[in-house]
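Enquirer: Structure in structure tokens, see below.
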Ligand SMILES: Cc1ncc(COP(=O)(O)O)c(C=O)c1O
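In my numbering, the protein residues as written are 40 to 453.
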């Protein structure tokens, strides 16, 4: 599967122009494509597999793809999703031209060194200098890996299978926690959902009580998942108090910071205690504005990652004794083949500087406060949660079925 260099150059040139035009008009595009229906997208993009190629004409569909996508416009405030940024896009392009397999240093020397460097940068940026880690597909896979490490540390199962283990998180925790418990063979019922206070933060007294009850019943508590930014309201659990309880009962502390923890670049004090986590999920594709597919798991002890993930095959034997050259991500991750995720992040951080990211996050936080203040000043609107990060929850208070009215308003806004 090759194409002549001049064809590549011409296609890439056209695509680059198309992309630059798109980025230029992006801020003015509606937040959602209009007149879009499921049937129409099926009609446009479904169909039989082509047995014979159509060459460069394959690219003719791209404008339609863009038209039928939700623009990553700076005017769209829904979901927990970064706005993207163009240097990262170019990083993706370069990484895909290089086509590295970031399994181990010997298969991708630069990519591995870049990733380890970026991991150090991220760890220091969130106050966890010295942590190891890896870039992941997203926050869900980072949470799964963090909890896999917790299970292997506190209730080892890799050798003989799962024999119980209980995980604690708040009722506001992200669904990926429960999903991870299921995937790890612990089961949904092994997750204890601890009540939250009026600011949607985990009630630590309830946590302590739940752990004691489980111990009395002969259950095996293994980990607490604290949220550093809950999906619905951006609430930050009391990390230090939870870390104290983990310490007291010998439990693993995993912090799900997929949405919020990177905001510690801007407001570090709000995240005090993050540095006590055994493992911590971050999502550069959220609050470092990277292209989708860039999460991160950080952990205090790389030996714990190796206990969870190191299963080597003969074909994967590392031949070097050099501490840098023998490094293999597959010994500390559930992934073997891995893309060169670090290049976009490295380019992006070098291009803008970390300070620019901190300022941009600070501005996002400021905008959330502006919105919250405007809502508070408007009697027909009711704010439904404190604003800890960028999530602002509110509704219209009218007569009749308020929920139905708000659903209607939401669809009109979109
Ligand atoms: C708190 C939290 N954790 C985990 C995730 C999952 O992250 P991802 O979508 O990158 O898998 C999200 C996504 O919104 C989240 O808000």
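We treat Cβ as the ideally placed atom computed from N, Cα and C, and that holds for glycine.
From the DSSP output, read off the bridge partner residues of residue 208.
Expert: As a working note, residue 208 is residue 169 in the chain shown. Answer by DSSP bridge pairing, in chain order: 232.
Enquirer: Within the continuous beta strand (DSSP E) that includes residue 175, where are the two ends?
Expert: Numbered from 1 along the chain shown, position 136 holds the residue referred to as residue 175. Run containing residue 175: 171-175, per the beta strand (DSSP E) assignment.
Enquirer: To which residues does DSSP link residue 291 through a beta bridge?
Expert: One-based indexing of the chain shown puts residue 291 at position 252. Looking at the DSSP assignment, residue 291 forms a beta bridge with 262.
Enquirer: Which residue marks the beginning of the beta strand (DSSP E) containing residue 421, and which one marks its end?
Expert: As a position in the chain shown, residue 421 is number 382, starting the count at 1. Here the beta strand (DSSP E) through residue 421 covers 420-422.
Enquirer: Using 10 angstroms around the beta-carbon of residue 110, count the other beta-carbons present and answer buried if the total reaches 16, otherwise exposed.
Expert: Residue numbering aside, residue 110 sits at position 71 when the chain shown is read from its first letter. Looking at its Cβ environment, which holds 16 or more other Cβ atoms inside 10 Å, residue 110 is buried.
Enquirer: Give a single yes or no on whether residue 126 has its beta carbon closer than 7 Å to a heavy atom of ligand 1.
Expert: By one-based count along the chain shown, residue 126 stands at place 87. Answer for residue 126: no, Cβ out of range of ligand 1.
Enquirer: Would you say the beta carbon of residue 119 comes nearer than 7 Å to a heavy atom of ligand 1?
Expert: Residue mapping note: residue 119 aligns to position 80 of the chain shown, counting from 1. At least one heavy atom of ligand 1 is nearer than 7 Å to the Cβ of residue 119, so yes.
Enquirer: Use the C-beta contact count for residue 135: other C-beta atoms within 10 angstroms, 16 or more gives buried, fewer gives exposed.
Expert: As a working mapping, residue 135 is identified with position 96 in the chain shown. It is exposed - the Cβ of residue 135 has fewer than 16 other Cβ atoms within 10 Å.
Enquirer: Take the Cβ of residue 437 as the centre, count every other Cβ of all protein chains shown within 10 Å, and call the residue buried at 16 or more, exposed below.
Expert: In the chain shown, residue 437 corresponds to position 398, counting from 1. Answer is exposed; the Cβ neighbour count stays below 16.
Enquirer: Pull up the CB-CB distance for residue 51 and residue 382, whole angstroms please, since I reckon it's below 8 Å.
Expert: Here residue 51 refers to the residue found at position 12 when the chain shown is read from its first residue. Here residue 382 refers to the residue found at position 343 when the chain shown is read from its first residue. Between residue 382 and residue 51 the Cβ distance is about 17 Å, and since that is not below 8 Å, they are no contact.
Enquirer: Sort 403, 128, 155 by Cα distance to residue 59 and report the nearest one.
Expert: Translated into the one-based positions of the chain shown, residue 59 becomes position 20. Selected option, being the one with the closest Cα: 128.
Enquirer: Measure the beta-carbon distance from residue 444 to residue 435 and round it to whole angstroms, keeping in mind my assumption that it falls under 8 Å.
Expert: For the purposes of this step, residue 444 is identified with residue 405 of the chain shown, where counting begins at 1. For the purposes of this step, residue 435 is identified with residue 396 of the chain shown, where counting begins at 1. Yes, residue 444 and residue 435 are in contact; Cβ-Cβ is about 6 Å, under 8 Å.
Enquirer: By how many angstroms is the C-alpha of residue 275 removed from the C-alpha of residue 211?
Expert: Position 172 of the chain shown, counted from the start, is the residue given in the question as residue 211. Position 236 of the chain shown, counted from the start, is the residue given in the question as residue 275. Answer to the nearest angstrom: the Cα atoms are 10 Å apart.
Enquirer: When we look at the beta-carbon of residue 261 and count the other beta-carbons within 10 Å, is it buried (16 or more) or exposed?
Expert: Indexing the chain shown from 1 puts residue 261 at position 222. Buried: at least 16 other Cβ atoms inside 10 Å.
Enquirer: Give the DSSP-derived three-state secondary structure of residue 451 in the structure shown.
Expert: Translated into the one-based positions of the chain shown, residue 451 becomes position 412. Helix at residue 451.
Enquirer: So, for residue 179: in the same chain, excluding its five sequence neighbours on each side, which residues have a beta-carbon less than 6 Å away from its beta-carbon?
Expert: The sequence position of residue 179 within the chain shown is 140, counting from 1. 215.
Enquirer: With a threshold of 16 other CB atoms inside 10 Å of the CB of residue 354, please say whether the residue is buried or exposed.
Expert: Mapped onto the chain shown, residue 354 falls at position 315. Flag for residue 354 reads exposed.
Enquirer: Using DSSP's beta-bridge definition, name the partner residues of residue 158.
Expert: Against the chain shown, residue 158 aligns to sequence position 119. Bridge partners of residue 158: none, in fact.
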